[in-house]
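Trainee: Before I ask anything, let me first share the structure, which is written out below as structure tokens.
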Amino acid sequence: MASTRNINDIRSYCDVVFGELTDMKSRLLNLVGDIERMQGHDKEMVGSHSRHLRDIANTIDWKLEILTKVCPTDWMKYAGGAESVSVEEPGKYAKEVTSPGDFGG
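Structure, rendered in structure tokens:
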């Protein structure tokens, strides 16, 4: 978790925020994988959460894309062999009918 100790300037702020958001996205996608590997009644209970967790991960990915455009830092150190980045703006599922009770309710 980030703390004020490791944020000394705008570059370190950008690095910390990027790292934290990347970690959150990774943990969410790991949860989706865990749900997809479930079997039987357990999967029935939480299976619908996969879509919502992916939506949250996509939102984080979108925010990471914005961060890379506005923060003055060297983003190549995060490339890790990636050749391209594809980000979809949240709302691509806006036509779907969802309610607050669809997630965890």
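Numbering-wise, the numbering used here comes out as the position in the sequence shown, counting from 1, plus 634.
All C-beta atoms, glycine included, are put in the ideal place defined by N, C-alpha and C.
Here the structure is a predicted model, which is why all the values come from computation and not from measurement.
Rounded to the nearest angstrom, how far is the Cβ of V704 from that of L687, given a contact under 8 Å?
Mentor: Going by Cβ atoms, the distance from V704 to L687 rounds to 26 Å, so no, they are not a contact pair.
Trainee: With C-beta atoms as the reference, is G694 less than 9 Å away from S684?
Mentor: The sequence as given places Ile at residue 694; Gly does not occur at that position. No, they are not a contact pair.
Trainee: Look up C648 in the DSSP assignment and say whether it is helix, strand or coil.
Mentor: Note: C648 maps to helix in three-state DSSP.
Trainee: Along the alpha helix (DSSP H) that carries S684, what are the first and last residues, could you check?
Mentor: From DSSP, the alpha helix (DSSP H) with S684 extends over H683 to V704.
Trainee: Below 8 Å on the Cβ atoms is my contact criterion, and I expect A691 with L663 to pass it. Report the Cβ-Cβ distance as a whole number of Å.
Mentor: Rounded, the Cβ-Cβ distance is 5 Å, consistent with contact.
Trainee: Tell me the DSSP secondary structure of I641 in three-state form.
Mentor: Coil at I641, not helix or strand.
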